[in-house]
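J.: Residue numbers (full-length UniProt numbering), protein chains in the order written: chain A, 1 to 138; chain B, 1 to 138. Using N, Cα and C, we set each Cβ at its ideal position, and we do this for glycine too. Note that the structure is predicted; figures quoted are calculated from it, not measured. Structure incoming, see below.
Protein chains: 2
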Amino acid sequence: MNDQRLITILHARSVKPTAMRLLVLDMLAQQETAISLSDLEEQFDKVDKVTLYRTLKTFEQHKIIHSIDDGTGSAKYALCSEGCECNPGDLHVHFHCQLCKRTFCLTDYTIPAVNLPQKFVLKEMNMVMKGLCEDCST
Amino acid sequence: MNDQRLITILHARSVKPTAMRLLVLDMLAQQETAISLSDLEEQFDKVDKVTLYRTLKTFEQHKIIHSIDDGTGSAKYALCSEGCECNPGDLHVHFHCQLCKRTFCLTDYTIPAVNLPQKFVLKEMNMVMKGLCEDCST
DNA sequence: AAAGCCATGCAACCGATTTGCAAAGTTATG
DNA sequence: CATAACTTTGCAAATCGGTTGCATGGCTTT
C-alpha cells in the first residue's frame with residue numbers, strides 16, 4: 001500500500017505516522033490472515049519485539065486493528081475495516097485452522113445474535129470456529 | 001455432594017477416585033460459575049498447584065469438566081452436564097462479566113450455527129459474550 | 001514381600017505478555 | 001535558533017499462566 005494511503009489511515013484514527021508505524025501498518029495490510037506478534041516480528045529483519053507490541057497496542061486502542069483470541073494462546077491481529085468501531089454489531093466470526101494454524105477473519109460472516117438471560121448486558125463478544133480451512137480440507 | 005455420588009461420576013468416566021480427585025470434584029460441583037486453576041487453589045488451605053493442574057487435565061480428558069477460554073488469559077473450568085461428549089452440538093455459550101470477573105456457563109443457550117465458506121470444515125467452536133452479569137448490571 | 005504402576009509434590013522451565021527506564025526523536029515555546 | 005516538554009523507541013528484566021522432569025509415596029498385582 002502506498003505511503004500516502006497508510007498515512008491517511010493513521011490520521012483518520014488520530015495516530016501519528018512514525019516510520020515504524022507505517023512499516024507495521026503496511027505489513028499488516030499485506031497479510032491475508034490475522035497474525036501474532038511473533039509472526040510479525042519474523043517478517044522484519046531486525047526489530048524490537050516490544051516496540052512492535054506497543055505499536056499493536058496503539059493500533060488496537062485506536063481501532064486500526066482488532067485482536068483475536070483464537071484460543072491458541074497467542075493473540076492475533078488484523079486490520080479493521082474502514083470505519084469499524086468494534087461494536088458487537090460490527091463483529092465477524094474468526095476461523096482457526098488446526099492444520100496450517102492460520103487464523104482467518106470471516107469478515108462477511110457476522111456473529112449471530114444470542115438472547116441473553118434477563119439483566120445480562122452485552123458489551124463484546126468473541127466467536128471462533130476451529131477446524132480445517134479451504135486449503136487444508138482437501 | 002455426597003461421596004458416593006462423586007465416586008459414581010468418576011467411575012462413569014473411568015477415572016479412579018482418589019482422595020484428591022474427590023475433593024476437587026466436590027469443590028467444582030459447589031461452584032456456580034466456572035473457575036480458574038488459581039481460583040481453585042485459593043479455595044483449599046494447602047494444595048500443590050501442579051496436582052490441581054493435573055487433576056483438572058485428567059477431568060477434562062475424561063469429559064468430567066470442560067475448559068473455557070473466556071479471553072482473560074486464564075482458562076476456566078466447569079462441570080460438564082451428564083453424558084456430555086463435548087461435541088460442537090453440545091456446546092453452550094459462556095458469559096464473562098467484566099465487572100465481577102466471573103465466567104458463567106449459559107448451559108441453556110446453545111451456540112447458534114454459522115454457515116462457513118465453502119470447504120471450511122468445522123470441528124470445534126467457542127463463543128464468549130462479555131459485559132455485565134445480572135448481579136452487576138443494576 | 002517384591003515388582004510395577006499411578007498419583008502426588010516440588011523445582012524448574014517455557015512462551016506470551018507487560019513494565020521500567022534511559023536514549024533518541026519530535027513538537028511546542030520563547 | 002535554542003531549550004523545554006512530550007512521545008516514541010530499544011533493551012533488560014519481571015510477571016503470569018501453563019507445562020514438564022523427576023523423585024517420593026501409595027496402592028495393586030503377582
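1) According to the neighbour-count rule (16 or more other Cβ atoms, all chains shown, within 10 Å of its Cβ), is Asn87 (chain B) buried or exposed?
2) Which one or two residues does DSSP pair with Ile68 (chain B) in a beta bridge?
3) Under three-state DSSP, which class holds Phe120 (chain B)?
4) Taking only the alpha-carbon atoms, compute the straight-line gap between Val50 (chain B) and Ile7 (chain A) and give it to the nearest angstrom.
5) Among A:Thr110, A:Ile64, A:Asp70 and A:His94, which has the Cα closest to the Cα of Cys80 (chain A)?
6) How would you label Ser38 (chain A), buried or exposed, when you count the other beta carbons within 10 angstroms and need 16 or more for buried?
7) From this set, A:Leu40, A:Thr72 and A:His92, which residue's C-alpha is nearest Gly131 (chain A)'s C-alpha?
8) Are Thr110 (chain B) and Leu91 (chain B) touching if we call contact CB-CB under 9 Å?
9) Please work out which residues of its chain come closer than 8 Å, Cβ to Cβ, to Tyr55 (chain A), disregarding the five sequence neighbours upstream and downstream, and give them in chain order.
10) Using the Cα positions of Thr107 (chain A) and Val114 (chain B), report the straight-line distance between them to the nearest angstrom.
11) For chain B, is any of its Cβ atoms less than 9 Å away from the one on Gly89 (chain A)?
12) What's the gap between the Cα of Leu10 (chain B) and the Cα of Pro17 (chain B)?
13) Can you grab the Cα-Cα spacing for the pair Ser137 (chain B) / Asp3 (chain A), in whole Å?
14) Name the chain B residues whose beta carbon is nearer than 8 Å to that of Asp69 (chain A)?
15) Below 8 Å on the Cβ atoms is my guess for His66 (chain A) versus Ala78 (chain A); work out the distance and round it to an integer in Å.
16) Let me make sure I understand the geometry here. Which of B:Pro117, B:Leu28 and B:Pro112 has the alpha-carbon closest to that of Glu60 (chain B)?
17) Enumerate in chain order the residues of its own chain whose CB-to-CB distance from Glu124 (chain A) is below 7 Å, with the five nearest sequence positions on each side excluded.
18) Going by DSSP, what residues sit across from Met129 (chain B) in a beta bridge?
19) What did DSSP end up calling Ile9 (chain A) once you bin it into helix, strand or coil?
20) Which residues in the same chain as Cys105 (chain B) place their Cβ atom closer than 7 Å to its Cβ, once the five residues preceding and following it in sequence are excluded?
T.: If we stick to the structure as given:
1) To locate residue 87 (chain B), count along the second sequence from 1; it is residue 87. By the neighbour-count rule (16 or more Cβ atoms within 10 Å), Asn87 (chain B) is not buried but exposed.
2) Taking the first residue of the second sequence as 1, we reach residue 68 (chain B) at position 68. Residue pairing by DSSP puts Ile68 (chain B) in a beta bridge opposite B:Lys76.
3) The residue given as residue 120 (chain B) occupies position 120 in the second sequence. In this structure, Phe120 (chain B) counts as coil in the three-state DSSP scheme.
4) As a position in the second sequence, residue 50 (chain B) is number 50, starting the count at 1. As a position in the first sequence, residue 7 (chain A) is number 7, starting the count at 1. Here the alpha carbons of Ile7 (chain A) and Val50 (chain B) stand approximately 50 Å from one another.
5) Walking along the first sequence from the start, residue 80 (chain A) turns up at place 80. Nearest in C-alpha terms to Cys80 (chain A), of all of A:Thr110, A:Ile64, A:Asp70 and A:His94, is A:Ile64.
6) The residue labelled residue 38 (chain A) in the question sits at position 38 within the first sequence. Under this definition Ser38 (chain A) is an exposed residue.
7) Indexing the first sequence from 1 puts residue 131 (chain A) at position 131. Selected option, being the one with the closest Cα: A:Thr72.
8) For the purposes of this step, residue 110 (chain B) is taken as residue 110 along the second sequence, with counting starting at 1. For the purposes of this step, residue 91 (chain B) is taken as residue 91 along the second sequence, with counting starting at 1. For Thr110 (chain B) and Leu91 (chain B), yes; Cβs fall inside 9 Å.
9) Residue mapping note: residue 55 (chain A) aligns to position 55 of the first sequence, counting from 1. One detail in the question is off: residue 55 (chain A) reads as Thr in this sequence, not Tyr. So the list reads Met20, Arg21 and Val24, once near-sequence residues are dropped.
10) Numbered from 1 along the first sequence, position 107 holds the residue referred to as residue 107 (chain A). Numbered from 1 along the second sequence, position 114 holds the residue referred to as residue 114 (chain B). Going by the C-alpha atoms only, they are around 13 Å apart.
11) The count along the first sequence starts at 1 and reaches residue 89 (chain A) at position 89. False, the Cβ-Cβ gap to chain B never drops below 9 Å.
12) Numbered from its first residue, the second sequence carries residue 10 (chain B) at position 10. Numbered from its first residue, the second sequence carries residue 17 (chain B) at position 17. Going from the Cα of Leu10 (chain B) to the Cα of Pro17 (chain B) covers about 6 Å.
13) Position 137 of the second sequence, counted from the first residue, corresponds to residue 137 (chain B). Position 3 of the first sequence, counted from the first residue, corresponds to residue 3 (chain A). C-alpha separation (whole angstroms): 45 Å.
14) For the purposes of this step, residue 69 (chain A) is identified with residue 69 of the first sequence, where counting begins at 1. Going along chain B in sequence order, the residues near Asp69 (chain A) (Cβ under 8 Å) are Asp69 and Gly71.
15) Along the first sequence, one-based indexing puts residue 66 (chain A) at 66. Along the first sequence, one-based indexing puts residue 78 (chain A) at 78. Between Ala78 (chain A) and His66 (chain A) the Cβ distance is about 6 Å, and since that is below 8 Å, they are a contact.
16) Counted from its first residue, the second sequence places residue 60 (chain B) at position 60. Across the set B:Pro117, B:Leu28 and B:Pro112, the C-alpha of B:Leu28 shows the shortest separation from the C-alpha of Glu60 (chain B).
17) Walking along the first sequence from the start, residue 124 (chain A) turns up at place 124. Hits under 7 Å: Pro88.
18) Taking the second sequence and counting its residues from 1, the one referred to as residue 129 (chain B) is at position 129. Paired residues: A:Met125 and B:Phe95.
19) Locating residue 9 (chain A) in the first sequence gives position 9, where the first residue counts as 1. Under the three-state reduction of DSSP, Ile9 (chain A) is assigned to helix.
20) The sequence position of residue 105 (chain B) within the second sequence is 105, counting from 1. Taken in chain order, the residues that qualify are Ala34, Ala78, His92 and His94.
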